[in-house]
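Numbering (my numbering), first residue to last: 4 to 341. Ideal placement from N, C-alpha and C gives every residue a C-beta, glycine not left out. Notes for the one structure printed next.
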Ligand code: MG
């Protein structure tokens, strides 16, 4: 099969500033790729959406690869490629593997193999709260909209101040609310221990990525001492990371499907564990992708997500539903980028 390949860049403005340990973000950039079978006219779309601070390739690396693929020297544009070209995308370009793999699956009409029963499309979502004291008020509209799980970023300010805010936030939240803390790998071991001492297992569902992904032994040590479950997120950015951690980690894994790699490889890995009676405690979560990437992310997530836990796609406060990137028709998203 010969397919034409094209890409378009996108920049999506956030509705409010997003902060993580790498800084302040007002927008995210990514690539939409399109494969077309010139014989049938059939099209497939995919999204390449690396995210700062995670261990897939960077946006610049993805762009360099896709740009070379789509504009080979001395050949007409768009060039023809084969499925083998996509299968040979290097493993470190895991977000690129996801995007082009999705487009290929669509254009070739591959069926999805069997897997556990999926959770419903209306499964609860955790609502991401703004940083710091803004969270003290921001949870209310989410609560009224039906959210019962909230996520709050920590490790961004003085720990004494943040621990005080945690107390205030737990006092403000109704007792049945669950709170997830996410440190994005930004705590020292001593700080992480202080946080864990302050975490009431009745109120705090889990602490996500307390330490840098490189601190592997320290993460394992910490989870053995912790009164609440710990979750890995940045540590398991790619499928290779996840495969390395599965035998070693007793806690939760937060998975961002668009970073993991070829979606069929991820599905096979998770299906095999499920078939062996060893399902993982998985929480699937957003990378603030467009509707193109999210559709595939949710298709993979629903059968494997821990049904006892909220999903992590409650990011409406950052994305404008009217900016065109939520269109369920990928042709429309593609056209708006021309
Ligand atoms: Mg996280």
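Closer than 6 Å is what we want: which residues have a beta carbon that near any heavy atom of ligand 1? List them in chain order.
-> 185, 187, 211, 212, 236, 257
Check the C-beta distance from residue 307 over to residue 273 and give it rounded, since I have them as a contact under 8 Å.
-> The pair is a contact, with the Cβ atoms about 5 Å apart (cut-off 8 Å).
Could you check what DSSP says for residue 255 in three-state terms: helix, strand or coil?
-> Strand, per DSSP.
Rank 230, 262, 326, 231 by C-alpha distance to the C-alpha of residue 238 and give the top, closest one.
-> 262
In the DSSP assignment, find the alpha helix (DSSP H) that holds residue 293 and state where it starts and stops.
-> Residue 293 -> no alpha helix (DSSP H), and no H or E assigned at all.
Distance, residue 6 Cα to residue 189 Cα | 44 Å
Could you tell me the distance, in whole angstroms, from the CA atom of residue 321 to the CA atom of residue 77?
-> 42 Å
Strand pairing of residue 209, partner residues [DSSP] | The partner list for residue 209 (beta bridge, DSSP) reads 183.
Nearest CA to the CA of residue 323: which residue from 337, 301, 292, 304?
-> When only C-alpha atoms are compared, the closest one is 292.
CB-CB under 6 Å to residue 28, same chain, minus the five flanking residues each way: which ones, in chain order?
-> Its chain contains 21 as the residues whose beta carbon lies nearer than 6 Å to that of residue 28, once the 5 sequence neighbours on both sides are disregarded; these appear in chain order.
With a threshold of 16 other CB atoms inside 10 Å of the CB of residue 80, please say whether the residue is buried or exposed.
-> A residue is called buried when at least 16 other Cβ atoms come within 10 angstroms of its Cβ; residue 80 does not meet this threshold and is exposed.
Can you name the residues that DSSP bridges to residue 23?
-> 26
Those residues which DSSP pairs with residue 48 across a bridge | 37
May I ask you to list the residues that DSSP assigns as paired with residue 155?
-> 184
With 8 Å as the threshold, decide whether the Cβ of residue 52 is near any Cβ in chain C.
-> Chain labels in this structure do not include chain C; a single protein chain is all it has.
Sub-8 Å separation of residue 328 and residue 37 beta-carbons | no
Around the C-beta of residue 280, are 16 or more other C-beta atoms found within 10 angstroms, so that it is buried, or is it exposed?
-> Exposed, by the Cβ-count rule.
Supposed close pair residue 102, residue 50 - CB separation, criterion 8 Å | 5 Å
Flag this pair as yes or no: are the beta carbons of residue 167 and residue 132 separated by less than 8 Å?
-> At a Cβ-Cβ threshold of 8 Å, residue 167 and residue 132 do not count as neighbours.
Proximal residues to residue 86 (C-beta, below 8 Å), its chain only, five neighbours per side dropped = 4, 6, 107, 111
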